[in-house]
Each structure stands twice: as structure tokens, then as C-alpha cells.
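Everything below concerns the one structure shown next.
In our numbering, the protein residues as written are 69 to 705.
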């Protein structure tokens with residue numbers, strides 16, 4: 069049993085309340101000829117090996133060896149450092165399922181270590197198993213014990229689906245059984261301060277069919293919101309314990325926790341047929357996008373609690389936008405897409421993938437951002453790891469790098485879905501898609517090229533089936549042809565649908581027009597009033613100091629303003645195939661006063677220039693220095 073037949077990270081059961089179903093793990097192949105395929109290969113050759121190395125360097129594996137008696141070193145790192153091991157294991161499993169090898173020894177060796185470290189009752193948490201046994205389960209607000217169990221479970225599910233090995237699954241089930249016994253209906257009415265175990269337990273139920281896992285996930289959702297966790301340092305909103313989930317009207321608190329909670333809610337709703345709970349998750353996710361999400365798809369505007377701010381509180385230079393929150397949003401959007409079939413969730417997956425997620429990883433795959441600001445000022449103090457000027461190789465709280473590794477290792481599984489009626493393509497990338505008897509070859513340089521060509525290489529049965537192609541919400545001009553003949557059909561609920569009896573060799577060409585776009589924020593986003601951003605296709609662009617032309621040498625980066633009297637043009641660059649050539653003026657700041665009379669004097673000192681804007685996800689790959697997504701617009705005189 070392996071990934072040729074089993075699905076990827078989220079797999080609703082056939083009877084679930086789901087409109088779409090994921091394809092088997094091996095059904096989609098991404099080639100390195102496309103951007104997503106290159107990211108996935110970089111993950112396999114750089115990011116994942118880097119994470120594995122760091123588990124030894126930083127002491128994560130040594131912590132577990134302390135439990136087995138194979139090390140007498142002191143405990144190192146955060147109290148939830150075991151989760152870095154589990155996320156890396158999950159990444160390794162998906163990579164083995166994708167390529168057939170490469171990390172099997174790591175997976176087997178660490179699974180054996182976890183077997184040896186696990187207590188007889190199923191408990192496994194190296195922070196509490198040696199020096200702090202009396203503290204187990206005593207501080208669920210911050211202990212992350214169930215959160216850690218959740219990541220272990222997800223790693224085990226991945227290992228079984230990708231390799232057929234049940235070794236890690238046995239470890240995970242023993243811990244899950246302990247949770248059911250201790251915190252089920254006959255146990256304590258408590259929840260973990262960091263949601264995560266809910267979606268993991270649902271996936272374990274999907275794999276095993278063991279009903280108590282699903283029941284425990286549902287119970288965890290229903291117990292939250294009754295202030296069982298107390299006030300803590302930031303109040304009950306921080307861990308979504310302020311009010312029952314079904315009563316909530318806005319996302320709140322720690323952004324990662326909120327997204328993981330919503331993902332679990334969708335999973336439970338789908339498997340229990342709870343339409344009301346699904347509607348709650350949809351409402352909250354939509355509210356987050358409407359009022360509390362950055363243009364890049366990033367979420368979380370406050371550093372203090374890594375949390376959501378007030379509606380429209382989206383300062384670009386103070387954006388926290390934690391990488392894990394972006395990944396959590398992607399996971400929730402995927403589950404909502406499966407549950408509803410609504411294209412808007414695939415749109416959000418695409419936006420956050422190409423911007424909020426992709427921007428966190430350096431081009432070499434071995435350095436990362438934890439927070440992802442949309443502006444870095446001249447003179448920024450990047451000495452602290454919370455707000456560095458460039459990506460770092462690791463963090464004291466290293467949750468993001470292995471989280472990126474597991475997402476990228478499974479990235480191909482999110483591209484398409486299939487059912488008895490045909491195929492639905494959600495993310496465009498060069499590669500191939502196989503589902504049942506249907507096979508497609510996809511050729512594209514998306515998102516740089518606006519053309520996607522899909523060739524039927526195996527047509528399935530003799531009857532008709534539907535090929536559904538997503539038209540992103542940013543696209544205003546989508547053109548479609550089959551075998552060279554134009555097809556005049558409009559998108560239905562975000563998809564162009566072609567129902568016909570296909571034959572091998574049939575060729576579909578979809579063109580999604582990608583002019584450079586100027587984007588304005590809602591006027592209530594006070595932090596960027598008078599500024600605009602630039603985008604093309606799904607990619608958000610930014611200005612970076614390294615691209616200033618020689619004749620602007622010495623110009624303060626913040627003195628640049630967009631000159632809308634001149635047009636935007638497309639160009640080429642060394643970091644990306646497509647740049648946007650941006651006309652700017654240099655503000656005359658001869659006064660130099662911090663505050664000055666209004667209206668200001670004429671803008672511009674005669675120096676006009678054109679500077680390239682680069683994809684936001686590529687910033688900070690050269691020398692450290694200022695960057696901005698939101699560009700002030702020069703006043704018209």
C-alpha cells in the first residue's frame with residue numbers, strides 16, 4: 069500500500085459532506101520546468117535536508133534521546149520542540165511518496181526512536197518525560213501537549229499513506245488513545261491552548277475508521293470558548309477561548325491558532341455532516357479575508373501576541389504575518405474548497421501560496437522569514453530574530469521551516485481534484501494529472517506566462533466527462549480553445565467547464581490575461597492611504613532598494629513616489645522572468661521637518677526615474693535594505 073492509491077494530507081471519506089475529493093498522492097506530478105515544481109524540488113534538495121540537519125544541531129533529537137537514556141545532555145529549545153521533529157517527519161514521508169525514496173532511513177530511524185521514547189500509556193513529549201513528569205497536563209494553555217500529539221499524528225498518517233509503513237502509526241495511535249481516555253466524555257473537560265489536534269484526529273479517523281478519534285475532535289471544538297483556559301498573558305481571545313466557536317463573529321487572537329482551529333472545524337463538519345459548523349467556518353474565514361488579511365494573504369498584524377488586530381488594522385511595516393499563519397490559511401482554504409467546491413477558496417490558496425508563503429523562503433531554500441512584513445524602512449534595526457532584515461537559517465522557535473517543508477513536499481496534491489464526472493484543476497503548474505482513466509499533460513510557465521496548455525494523453529472511458537478549469541478572480545479576460553477552435557463559454561462559479569467525449573491528443577489552451585495591475589486598499593486601512601500596490605496575475609510586486617538606478621544613488625528609499633502620469637510596463641530581471649517597470653518621482657524634502665504646514669509644496673525635484681518592481685516573494689535575496697509593497701502616489705499638481 070502506498071501513495072499510488074492513497075490521498076495526501078486531507079482526505080474526506082466517501083460519505084462525507086464534501087463537494088470535491090482529492091486525488092491519490094501520486095496522481096499529480098510537477099516538473100521542474102514550472103515554478104511550483106522548482107519550489108518542490110528545492111524543498112527536496114535543500115529545505116528538507118536543512119531541517120533534518122538542524123534537528124541534530126539544535127538538539128531536538130537529543131531531547132528524545134534523553135528520554136530513552138541514550139543522552140545525558142540538558143534539554144534544549146522550546147518546550148514544544150518535538151513538533152519540529154514531527155513536521156520534518158511528515159515532510160520526509162510526503163517526499164518519499166512523491167519520489168519513491170531519499171529520506172526512508174531518516175523516517176525509519178526517528179520512528180524507532182519515538183517508539184523507544186514513548187511511555188507505556190502512550191504519552192510522548194520529551195520536555196515533560198524526564199525532569200517535569202509531575203507537570204504533565206497541568207498547563208494546557210501553554211504546554212502544547214495536545215498540539216504536539218497532533219503533529220505526531222499527522223506525520224504518522226503521512227508515513228502510512230506515502231509508504232505503507234505502520235511503525236509511526238502505532239506510536240501515534242497509542243498517544244491518540246491516551247487523549248481519548250484522558251480527555252474524552254469520561255475524562256477532563258479541557259482543551260489545548262494551541263488548536264491542532266482536532267484536524268489530526270479527524271485525519272486519523274479517516275485513515276483508521278476508528279470513531280472515537282472523530283468524536284474526540286468534535287468534543288475538543290465544542291469545549292473551546294467557555295474560558296476553561298483562564299486569562300493567560302493575553303486574555304482568552306488569544307487562544308480562541310473567549311466564546312464558543314459557533315457564536316464567534318470575527319477571527320481573533322493568535323492567527324496560527326485561529327486558522328488551525330478553523331481547519332479542524334471544517335474537517336469535523338465534513339465528516340459529521342454538520343452544515344451549521346461548516347457555515348461557521350466559512351463565515352469566519354470570509355471575515356478574515358474581508359477585514360484582517362494583507363494583500364499577500366498574510367495574517368496577523370500584532371507582534372505582541374502574533375495575532376489578528378482590529379478590522380482594517382493592517383500596517384505594512386509592522387505586519388507580523390507569520391509564515392505558519394499563511395500555511396494555516398492555505399490548509400483551511402483547501403478544506404473549504406473540498407467541502408464546498410467554491411473557487412474563491414482556490415483563489416485564496418493561490419494568493420497566499422505565491423506571496424505570503426513563498427516569500428518566507430530564500431532562493432537557496434536554506435533561510436527563512438518567521439514574520440513577513442510588507443515594508444522595511446531605511447535604517448531598520450534587524451538585530452533581533454523577531455524582525456530581521458533578511459531571512460535566517462533557523463529560529464529559537466523554529467516552527468516555520470519544517471512547516472514549509474511539509475507543505476512543499478505535498479504541494480502537488482493541492483493542484484487538482486477528481487470525481488466521477490471528471491477533473492477540476494485549481495492550481496496551474498507544468499506537470500501531469502492522472503485520475504482513473506483520465507490523463508492530462510499540462511504545459512505552462514505560469515505565473516509568468518498567461519498560457520496554460522492541457523493535452524489529453526488518456527481519455528478514460530468511452531463517455532463524456534468534464535474538465536473544469538479555474539478562472540482566478542483577478543483575471544478579467546480568460547480565453548479558451550479546444551483543438552484550435554475558440555470556445556465561447558463563460559465561467560460558472562469560477563470555473564470554465566468543458567463536457568465532452570475526449571480522445572487522446574485533444575488539446576485545450578487557456579489564456580489568462582495578465583496585465584500589470586494597480587491595487588488600492590479599502591480606505592479604512594489607514595496605514596496605506598494615499599498608496600497603491602502592484603500585481604500581475606497572482607503575484608504581488610514590491611520595490612526594493614537594490615533596484616534603484618545609479619542616478620538615484622544616495623536617494624532615501626522612502627522619498628520615491630509613483631508617477632501615475634506615466635504607464636506601467638513589463639520588463640525582465642535576474643531574479644524573476646517578469647518585472648514591472650514603475651515610473652517614480654523623488655519627493656523634494658529640502659525642508660526636512662518631521663511635521664510641516666499643509667498643503668505641502670510641489671512634489672518632485674526634477675528627478676524622474678523608472679525602477680523595476682520585483683515579485684514580493686523574492687525580496688531580501690540580495691543585500692539587506694529597505695523594501696515596500698505599498699507605494700505612495702505622487703500628488704497631481
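The beta-carbon is built from N, C-alpha and C at its ideal position, and this holds for glycine as well.
| field | As assigned by DSSP and simplified to three states, the class of residue 487 | value | strand
Spell out a yes or no on whether the region 239-257 and the region 194-201 are touching, meaning 3 or more CB-CB pairs, one atom from each, closer than 8 Å. no
**Prompt:** Do you know offhand how far residue 672's Cα is from residue 112's?
**Reply:** Because residue 672 sits at a pLDDT of 47, beneath the cut-off of 50, its placement in the model cannot be relied upon, and the following sentence gives the value as read from the coordinates. About 49 Å.
TODO: Just the C-alpha distance for residue 131 and residue 144, rounded to the nearest angstrom, thanks.
DONE: 7 Å
DSSP-derived helix/strand/coil call for residue 533: strand
Notebook entry, point to check: Rounded to whole angstroms, how far is the Cβ of residue 305 from the Cβ of residue 348, which I believe are closer than 8 Å?
Noted result: The Cβ separation is near 17 Å, so there is no contact.
Helix or strand or just coil, what does DSSP make of residue 554?
strand
- Item | Helix, strand or coil at residue 680 according to DSSP, with G and I counted as helix | strand
Do you know whose CA, among 546, 577, 571, lies nearest residue 562's CA? 546
Exposure of residue 325, with buried meaning 16 or more beta-carbon neighbours within 10 Å:
buried
For residue 9, which residues from the same chain have a beta carbon less than 6 Å from its beta carbon, with the 5 sequence-adjacent residues on both sides left out? What the structure shows of the chain is the stretch from 69 to 705, and residue 9 is not part of that stretch, so it cannot be assessed.
- request: Would you list the one or two residues that DSSP bridges to residue 637?
  value: 649
Opposing strand residues paired with residue 249 [DSSP bridges]: The partner list for residue 249 (beta bridge, DSSP) is empty, contrary to what the question assumes.
Next item on the list: Please report how far the alpha carbon of residue 344 lies from the alpha carbon of residue 356, in whole angstroms.
Entry: 19 Å
Where residue 467 falls: helix, strand or coil (DSSP): coil
Practice problem: Go ahead and pull the three-state DSSP assignment for residue 667. | Solution: coil
Taking contact to mean 3 or more Cβ pairs, one atom from each stretch, closer than 8 Å, check whether the region 216-236 and the region 146-164 are in contact.
yes
Worksheet item: What does residue 567 pair with, by DSSP beta-bridge criteria?
Response: 534
>> Which same chain residues end up closer than 7 Å to residue 529 when comparing Cβ atoms and leaving out the 5 residues on each side of it in sequence?
In response: 505
Q) Considering only residues of the same chain and omitting the five flanking positions on each side of residue 735, which have a CB-CB separation below 7 Å? A) The structure shown does not extend to residue 735, since the chain spans only 69 to 705, so no value can be given for it.
Expected contact under 8 Å - CB spacing of residue 293 and residue 209 to nearest Å
With a Cβ gap of about 14 Å, residue 293 and residue 209 do not count as contacting.
Quick one, are the C-beta atoms of residue 105 and residue 498 less than 8 Å apart?
-> yes
| In chain order, which alpha helix (DSSP H) runs of at least 4 residues are fully inside the region 138-173? | 150-167
Indicate the three-state DSSP secondary structure (helix, strand or coil) for residue 106 in the structure shown. helix
*When the Cα atoms are used, what is the spatial distance from residue 516 to residue 578?*
14 Å
If you follow the beta strand (DSSP E) that residue 599 is in, where does it begin and where does it stop?
599-604
Quick one: what's residue 90 bridged to in DSSP?
-> 485
Exercise for the section: Quick one: residues in its chain with C-beta nearer than 7 Å to the C-beta of residue 697, no 5 flanking neighbours on either side, listed in chain order? Expected result: 363, 384, 442, 443, 601, 608, 610, 684
| request: Just the C-alpha distance for residue 84 and residue 225, rounded to the nearest angstrom, thanks. | output: 19 Å
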